[in-house]
Amino acid sequence: MQNFKITVSKPCSENWESMKPLEKGRFCDSCEKEVIDFTKFTNQELASWFKQDKGMSCGRLNPAQLNHLIVPKSNFSLKIFKPSLIAASMIAFLSFPKLSVAHTKLYYPTFLFEDKTKSPVTITIQKTDSNIVIKGRVIDNEDKQPVVGLFIAIKGGKVIGTTDVKGNFEIKLDRAKFSKKTILEFRYLGYETKEFKLNLNKHNPIFIEMKVSALILGGIAIIREKSLFEKIQEFFNV
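As structure tokens, this is what we get:
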């Protein structure tokens with residue numbers, strides 16, 4: 001299976017807690033089908049599931065599983081090819097500069113997204129000659145994993161920072177442009193936006209809990225990238 005992402009397209013209002021528990025998830029009376037609980041699935045388990053699934057399932061995800069590139073493990077081995085053939089293939093492909101990344105969307109019916117965990121944010125403040133430097137880290141309160149891609153913004157303004165792959169962030173504020181008490185906004189898909197009044201005169205660590213939105217239920221799309229051979233074949237068919 002090729003690389004893919006899971007996205008939610010059409011939200012609705014079904015309640016996970018009111019569904020009847022089943023072995024792999026719960027039963028939805030509205031959809032009249034089983035809703036699979038994918039929240040504990042690894043990337044490889046998700047890849048294996050969607051490789052076999054024919055688009056008839058519904059399921060529940062946590063925020064980190066959405067819009068995240070999933071790279072399935074490949075059983076492909078270069079040992080079956082001769083070195084000369086591999087080199088020739090690579091040279092041929094690299095000589096086609098106009099090739100672009102193409103995607104194919106495979107649509108599935110409905111999908112439930114829900115996570116009631118909370119995310120603490122630790123913020124520290126450092127003063128420099130011209131700027132206030134704010135550093136912090138965002139992690140999931142339940143599994144202690146970093147929350148990647150969370151946006152930090154000035155209220156009413158633009159985004160000024162994001163968390164990295166370790167959940168860390170660093171932003172700088174110009175002393176002349178901001179008051180002593182500045183309001184920061186923390187935004188992340190599936191979470192309620194959190195506002196925090198930042199006192200630039202204090203240096204103690206600050207803890208913030210990010211509350212996740214109750215649920216998102218709706219149609220999903222699995223977006224996959226075309227393989228190298230599909231790109232080459234498409235080029236010659238143009």
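All residue numbers for the sequence shown refer to UniProt numbering, where the first residue is 1 and numbers rise by one.
Note that CB positions come from ideal geometry on N, CA and C, so glycine has one too.
Just so we're clear, the structure is a prediction, and the values are computed from it rather than from any experiment.
(message) Under DSSP, the beta strand (DSSP E) around Ala47 begins and ends at which residues?
(response) First-last for Ala47: Asn43 to Gln52, but that is the alpha helix (DSSP H), not the beta strand (DSSP E).
(request) With a 10 Å radius around its C-beta and 16 neighbouring C-beta atoms as the bar for buried, classify Asn62 as buried or exposed. (result) Classification of Asn62: buried, given that the 10 Å Cβ count is 16 or more.
(request) Reducing DSSP to helix, strand and coil, say where residue 272 ends up. (result) There is simply no residue 272 to check, as the chain begins at 1 and stops at 238 in what is shown.
(request) Please report how far the alpha carbon of Ile154 lies from the alpha carbon of Ala176, in whole angstroms. (result) 15 Å
(message) I'd like to check one pair, Ile171 with Ile134: are the Cβ atoms closer than 8 Å?
(response) yes
(request) Would you tell me roughly how many angstroms separate the C-alpha atoms of Lys197 and Pro146, rounded to the nearest one? (result) Going by the C-alpha atoms only, they are around 23 Å apart.
(request) Could you have a look at Glu17 and say whether DSSP puts it in helix, strand or coil? (result) helix
(request) Within 10 angstroms of the Cβ of Thr42, are there 16 or more other Cβ atoms? Answer buried if so, exposed if not. (result) exposed
(request) Any chance you could list the beta strand (DSSP E) runs of at least 3 consecutive residues sitting entirely within the stretch 127-183, in chain order? (result) 131-138, 151-154, 159-162 and 168-174
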